[in-house]
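Student: The structure's right below; bear with me while I get my questions together.
Residue numbers (my numbering), protein chains in the order written: chain A, 8 to 229; chain B, 8 to 229.
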């Protein structure tokens with residue numbers, strides 16, 4: 008299967024995003040659908056990470072993917088080739104998704120059918136952190152080339168994520184990146200965050216991430 | 008000199024940003040101050056590029072730098088060590104700067120003193136593209152690790168920039184990055200964009216960028 012729909016999502020009409028997000032989360036819980044909100048800068052490797060994650064988990068869970076981007080269908084095309092249902096959400100220039108926009112996507116993908124739905128948010132370390140999408144859990148990627156100082160500059164994003172993946176560890180030989188410093192900076196903002204060092208390209212370290220996800224999904228859907 | 012001020016900038020009160028931006032540009036022209044708005048994703052290398060640019064041009068021009076970030080003083084500290092005047096603008100969570108916010112920064116740095124002022128915008132490929140800061144010219148960095156598909160996903164940013172620097176070319180051996188494809192994608196959005204391949208780390212290719220800047224500054228300030 009390599010078909011995917013493209014959905015032009017509309018600006019939300021809700022005034023109270025937090026309330027809508029909580030309502031959406033309750034509904035997802037009721038329907039036994041675990042929704043992961045995956046965030047990062049542009050080019051940190053969200054889609055590659057997702058491709059490997061789907062390959063590892065698709066025999067265990069029924070998976071659906073919502074790819075959000077301002078423009079293009081690049082990511083939905085890649086993900087649809089993994090054999091899971093993928094839709095592309097176009098945000099009409101918006102730099103993030105809120106709960107109302109996420110709900111439009113969930114309706115369009117018919118989320119009730121799935122155990123596990125991923126929302127790949129717009130590549131942006133600022134705005135997506137400010138809007139609760141209603142997801143069960145938030146995860147983010149920080150890639151080695153971006154630098155170990157990013158928790159200092161984008162503290163809110165690191166504060167709201169349940170799991171932080173440090174990606175592209177296969178490229179460490181060509182960058183100055185301090186593992187200990189980045190962990191210390193993240194933990195200072197968010198002591199409970201799970202942090203895993205991975206390479207979505209080579210697969211290194213990804214089993215820890217898969218196991219974290221299995222635990223979250225099973226706990227949510229039980 | 009390694010002192011720098013930290014300015015908490017306030018949300019703009021102006022309703023018509025485009026009009027304010029044009030007014031600011033006129034004033035900069037009158038005062039013979041060239042303002043460059045430098046944008047990119049988080050971690051593309053804006054500050055390193057700027058460090059090399061200052062080293063190359065500081066004997067020719069009187070340079071001031073405004074570092075915008077949501078939090079931290081990391082960048083102003085680095086830039087102030089180059090010996091030019093640097094200030095840190097804190098955006099109070101805002102994901103971009105508009106003309107009114109830029110003006111607050113220019114007043115604080117006393118822009119009239121300088122031939123060449125750089126605004127290092129918030130690391131973000133989405134929102135800064137939507138707000139004219141009033142700068143003389145816009146430039147952006149796309150780094151090799153981010154991937155050659157970024158013009159497809161963030162078309163507005165590539166459309167509004169006068170110059171696009173493809174940075175971190177020293178890391179090409181560990182990434183799949185198609186030079187021709189990226190140039191084609193940028194040119195399709197913005198046929199007039201100047202595109203230079205550089206490594207801010209090694210200095211490769213940077214002379215083209217310096218020459219482009221010299222031309223813009225001299226033309227603006229004549």
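Idealized CB from N, CA, C, for every residue including glycine.
#1: Between which two residues does the alpha helix (DSSP H) holding residue 213 of chain B run?
#2: Measure the alpha-carbon distance for residue 175 of chain B versus residue 189 of chain A and round it to whole angstroms.
#3: Less than 9 Å between CB atoms is the rule here; does residue 182 of chain A satisfy it with respect to chain B?
#4: Which residues in chain A sit within 9 Å of residue 78 of chain B, going by Cβ to Cβ distance?
#5: For residue 210 of chain B, count neighbouring C-beta atoms within 10 Å of its own C-beta (all shown protein chains included) and say buried if the count is 16 or more, exposed if not.
#6: Is the stretch 193–209 of chain A in contact with the stretch 124–135 of chain A, if contact means three or more CB pairs nearer than 8 Å?
#7: Give every residue of the same chain whose Cβ lies closer than 8 Å to the Cβ of residue 141 of chain B, excluding the five residues on either side of it in the sequence, and list them in chain order.
#8: Would you report the Cα separation of residue 229 of chain B and residue 173 of chain B, rounded to the nearest angstrom?
#9: Going along the chain, which residues of its own chain have a beta-carbon closer than 8 Å to the beta-carbon of residue 10 of chain A, five neighbours each way excluded?
#10: By the 10 Å Cβ neighbour count, where 16 or more other Cβ atoms means buried, how is residue 39 of chain A classified, buried or exposed?
#11: Would you mind sorting residue 198 of chain B into buried or exposed? The rule is 16 or more other CB atoms within 10 Å of its CB.
#12: Hey, is residue 126 of chain A's beta-carbon within less than 9 Å of any beta-carbon in chain B?
#13: Residues of chain B with CB closer than 7 Å to the CB of residue 115 of chain A, please, in chain order.
#14: Please report how far the alpha carbon of residue 92 of chain A lies from the alpha carbon of residue 170 of chain A, in whole angstroms.
#15: Note down, one range per segment and in chain order, each beta strand (DSSP E) of at least 3 residues found wholly within the stretch 104–131 of chain B.
#16: Does the Cβ of residue 90 of chain B have 16 or more other Cβ atoms within 10 Å, making it buried, or fewer, making it exposed?
#17: Determine which residues of the stretch 173–201 of chain B have a Cβ less than 8 Å from any Cβ of chain A, and write them out in chain order.
#18: Residues in the same chain with beta-carbon distance under 7 Å from residue 179 of chain B, minus the five sequence neighbours each way, listed in chain order, please.
#19: Can you pull out the residues from the stretch 128–155 of chain A whose beta carbon lies closer than 9 Å to at least one beta carbon of chain B?
#20: Report yes if the C-beta distance between residue 112 of chain B and residue 73 of chain B is below 9 Å; otherwise report no.
#21: Return the chain-ordered list of same chain residues with a C-beta closer than 7 Å to the C-beta of residue 181 of chain A, the five sequence neighbours on each side being excluded.
#22: Any beta carbon of chain B sitting closer than 9 Å to that of residue 112 of chain A?
#23: Report the rounded CA-to-CA distance for residue 95 of chain B versus residue 64 of chain A, giving the unit in angstroms.
#24: Name the chain A residues whose beta carbon is nearer than 7 Å to that of residue 168 of chain B?
#25: When burial is assigned at 16 or more other CB atoms within 10 Å of the CB, is residue 23 of chain B buried or exposed?
#26: Are any of the Cβ atoms in chain A nearer than 9 Å to that of residue 81 of chain B?
#27: Can you tell me whether residue 82 of chain B is buried or exposed? The criterion is at least 16 other CB atoms within 10 Å of its CB, across all chains shown.
#28: Quick one: which residues of the stretch 47–59 of chain B get their C-beta closer than 7 Å to a C-beta of chain A? List them in chain order.
#29: Suppose the cutoff is 7 Å on Cβ atoms and the five residues either side in sequence are ignored; what does the same chain contact list for residue 85 of chain A look like?
#30: So, is the C-beta of residue 100 of chain A closer than 9 Å to a C-beta in chain B?
#31: Restricting to Cα atoms, I'd like to know which of B:184, B:183, B:147, B:78 is closest to residue 216 of chain B.
#32: Identify which residue in B:76, B:14, B:18, B:192 has its Cα closest to the Cα of residue 164 of chain B.
#33: Does the Cβ-Cβ distance between residue 137 of chain B and residue 103 of chain B come in under 9 Å?
#34: CA-CA distance, residue 12 of chain B and residue 52 of chain A?
#35: Pull up the distance between the alpha-carbon of residue 214 of chain B and that of residue 222 of chain A, whole angstroms please.
#36: Starting from residue 207 of chain B and walking both ways along the alpha helix (DSSP H), at which residues does that stretch end?
Tutor: Once the coordinates are examined:
#1: Residue numbering aside, residue 213 of chain B sits at position 206 when the second chain is read from its first letter. Note, residue 213 of chain B: alpha helix (DSSP H), 213–228.
#2: Looking up residue 175 of chain B in the second chain gives position 168. Looking up residue 189 of chain A in the first chain gives position 182. One C-alpha to the other measures close to 21 Å.
#3: Against the first chain, residue 182 of chain A aligns to sequence position 175. Output row for residue 182 of chain A: interface = yes.
#4: Position 71 of the second chain, counted from the first residue, corresponds to residue 78 of chain B. Residues of chain A passing the Cβ test: 159, 160, 161, 162, 163.
#5: Within the second chain, residue 210 of chain B is the residue found at index 203, counting from 1. Under this definition residue 210 of chain B is an exposed residue.
#6: no
#7: Position 134 of the second chain holds residue 141 of chain B. Same-chain partners within the cutoff: 27, 28, 29, 30, 31, 32, 35, 42, 106, 109, 110.
#8: Position 222 of the second chain, counted from the start, is the residue given in the question as residue 229 of chain B. Position 166 of the second chain, counted from the start, is the residue given in the question as residue 173 of chain B. Those two C-alpha atoms are separated by around 29 Å.
#9: Counting from 1 along the first chain, the entry for residue 10 of chain A is found at position 3. Closer than 8 Å at the Cβ level, and outside the excluded window around residue 10 of chain A, lie 87.
#10: Counted from its first residue, the first chain places residue 39 of chain A at position 32. So residue 39 of chain A ends up on the exposed side.
#11: Position 191 of the second chain, counting from 1, holds the residue named residue 198 of chain B. Label assigned to residue 198 of chain B: exposed.
#12: Position 119 of the first chain, counted from the start, is the residue given in the question as residue 126 of chain A. No, residue 126 of chain A lies away from the interface with chain B (no Cβ there is under 9 Å from its Cβ).
#13: In the first chain, the residue the question calls residue 115 of chain A occupies position 108. Near residue 115 of chain A there are no residues of chain B at all, since even the closest Cβ is about 20 Å away, more than 7 Å.
#14: Here residue 92 of chain A corresponds to residue number 85 of the first chain, with the count starting at 1. Here residue 170 of chain A corresponds to residue number 163 of the first chain, with the count starting at 1. Straight-line Cα distance between these residues: approximately 24 Å.
#15: 123–127
#16: The sequence position of residue 90 of chain B within the second chain is 83, counting from 1. Exposed, because fewer than 16 other Cβ atoms sit within 10 Å of the Cβ of residue 90 of chain B.
#17: 175, 177, 178, 180, 181, 182
#18: On the second chain, residue 179 of chain B is found 172 positions in, with the first residue counted as 1. These residues qualify, in order along the chain: 151.
#19: 129, 130, 131, 132, 133, 134, 137, 149, 150, 151, 152, 153, 154
#20: As a first step, residue 112 of chain B is located in the second chain; it is residue number 105 there, counting from the start. As a first step, residue 73 of chain B is located in the second chain; it is residue number 66 there, counting from the start. Yes, Cβ-Cβ distance for residue 112 of chain B and residue 73 of chain B is below 9 Å.
#21: On the first chain, residue 181 of chain A is found 174 positions in, with the first residue counted as 1. None.
#22: For the purposes of this step, residue 112 of chain A is taken as the residue at position 105 of the first chain. Taking Cβ atoms only, chain B never reaches closer than 9 Å to residue 112 of chain A, which makes this a no.
#23: The residue given as residue 95 of chain B occupies position 88 in the second chain. The residue given as residue 64 of chain A occupies position 57 in the first chain. So the two alpha carbons sit approximately 45 Å from each other.
#24: In the second chain, the residue the question calls residue 168 of chain B occupies position 161. By Cβ distance, chain A contributes nothing, its closest Cβ being about 15 Å from residue 168 of chain B, past 7 Å.
#25: Position 16 of the second chain holds residue 23 of chain B. With fewer than 16 other Cβ atoms within 10 Å, it is exposed.
#26: One-based indexing of the second chain puts residue 81 of chain B at position 74. True, the Cβ-Cβ gap to chain A drops below 9 Å.
#27: By 1-based counting over the second chain, the position of residue 82 of chain B is 75. So residue 82 of chain B ends up on the buried side.
#28: 48, 49, 50
#29: As a working mapping, residue 85 of chain A is identified with position 78 in the first chain. Only 54, 58 meet the Cβ criterion.
#30: In the first chain, residue 100 of chain A corresponds to position 93, counting from 1. Answer yes: the Cβ-Cβ gap between residue 100 of chain A and chain B drops below 9 Å somewhere.
#31: Translated into positions along the second chain, residue 216 of chain B becomes position 209. If we check each option's Cα against that of residue 216 of chain B, B:147 comes out closest.
#32: Locating residue 164 of chain B in the second chain gives position 157, where the first residue counts as 1. It is B:192 whose Cα lies nearest to the Cα of residue 164 of chain B.
#33: Against the second chain, residue 137 of chain B aligns to sequence position 130. Against the second chain, residue 103 of chain B aligns to sequence position 96. Contact: yes.
#34: Residue numbering aside, residue 12 of chain B sits at position 5 when the second chain is read from its first letter. Residue numbering aside, residue 52 of chain A sits at position 45 when the first chain is read from its first letter. Their backbone Cα atoms lie some 36 Å apart in a straight line.
#35: In the second chain, the residue the question calls residue 214 of chain B occupies position 207. In the first chain, the residue the question calls residue 222 of chain A occupies position 215. C-alpha separation (whole angstroms): 53 Å.
#36: As a working mapping, residue 207 of chain B is identified with position 200 in the second chain. Premise fails: residue 207 of chain B is in no alpha helix (DSSP H) and is neither H nor E.
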